[in-house]
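Worksheet: one structure, shown below.
Residue numbers (the working numbering): 27 to 270.
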């Protein structure tokens, strides 16, 4: 029997996924790439601002220049990519880091989420890309653009752990020098695998010793009014150390 041609819906979905991946990459380059210009953040757009009148030659006084305050120095940017299968807890991780309460229920990310967190010496841009199967194809395109990779794993999802391992090692092969922080999320659940099990099942012990790979436990969920889950605090401290 001759193979049936792909239906219009399948072709449309495939085209939509390709377009989405291209849009994600362009947005990353525009807003999160190294050396990017800072976006306009004043109350009015540039076309609404009144043009400044240049002084005439006989109006210019060199002493006036000395009285002007120097422009504020821009902070350097550091980029962190947050990946993992859908349902692992990536969006909740970003919300907790930014001081927001996690959303109720599981709402998968179709596209990406981003958070910018200022520190004393630099700004940290965290980009999460959705973990559904049609978006994982584009993960590798972003790996070479970041300083650290955070890979979130659902410790209780034994059935899909082999998929998580496969996707993680694809990313490791893409950039052999990129530091990786593997977050073993949902450790508070009774069915969660131990850290030793996860290390074996994810094949972390087989990774080159010269590479910086960290496995940290977490239970990223509300913990009182401050939402300061201990595992998240440890992850953030490690990220700052790696980015410094």
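We put the CB at the ideal spot given by N, CA and C, even for glycine.
Please read all numbers here as calculations on a predicted model, not as lab measurements.
Excluding five sequence positions before and after residue 213, the CB atoms of its chain that fall closer than 7 Å to its own CB belong to 181, 243, 244 and 245, given in chain order. For residue 142, the enclosing beta strand (DSSP E) begins and ends at 138-144. By the CB criterion at 9 Å, residue 108 and residue 152 fall inside the cutoff.
For the pair residue 149 and residue 104, the CB atoms are nearer than the 9 Å cut-off. Straight through space, the alpha carbons of residue 230 and residue 155 are spaced by roughly 23 Å. For a cut-off of 8 Å, the C-beta gap from residue 178 to residue 115 is around 5 Å, short enough to register as a contact. C-alpha of residue 222 to C-alpha of residue 210: approximately 11 Å in a straight line. The three-state reading of DSSP puts residue 237 in coil, since its state is none of H, G, I, E or B. Looking only at 193, 136, 239 and 269, the smallest Cα-Cα distance to residue 225 is reached by 239. Across the set 185, 203 and 188, the C-alpha of 203 shows the shortest separation from the C-alpha of residue 175. The beta carbon of residue 217 sits closer than 8 Å to the beta carbons of 182 and 184 from its chain, once the five residues preceding and following it are set aside; these are given in chain order.
Per DSSP, residue 172 is not a residue of any alpha helix (DSSP H), being assigned neither H nor E.
Membership of residue 104 in any alpha helix (DSSP H) is not indicated; the residue belongs instead to the beta strand (DSSP E) covering 102-109. Straight through space, the alpha carbons of residue 197 and residue 169 are spaced by roughly 7 Å. Taking every protein chain shown into account, the CB of residue 215 has fewer than 16 other CB atoms within 10 angstroms, so this residue is exposed. Spatial neighbours of residue 188 in its own chain (CB-CB distance under 6 Å, excluding positions within 5 residues in sequence) are not present. By the criterion of a C-beta distance shorter than 8 Å, residue 106 is surrounded in its chain by 150, 151, 152, 153, 172, 173, 174, 175, 176, 265 and 269, once the five residues flanking it on both sides are discounted. With 16 or more other Cβ atoms from the protein chains shown falling within 10 Å of its own Cβ, residue 165 counts as buried. Around the beta carbon of residue 190, a 10 Å sphere encloses 16 or more other beta carbons of the protein chains shown; the residue is thus reported as buried. In the structure shown, the three-state DSSP call for residue 203 is coil.
Contact annotation: residue 186 and residue 206 have beta-carbon atoms that are not nearer than 9 Å. In this structure residue 157 touches residue 112 by the C-beta definition: roughly 4 Å separates them, less than 8 Å.
Between the C-alpha atoms of residue 195 and residue 233 there is a straight-line separation of about 9 Å.
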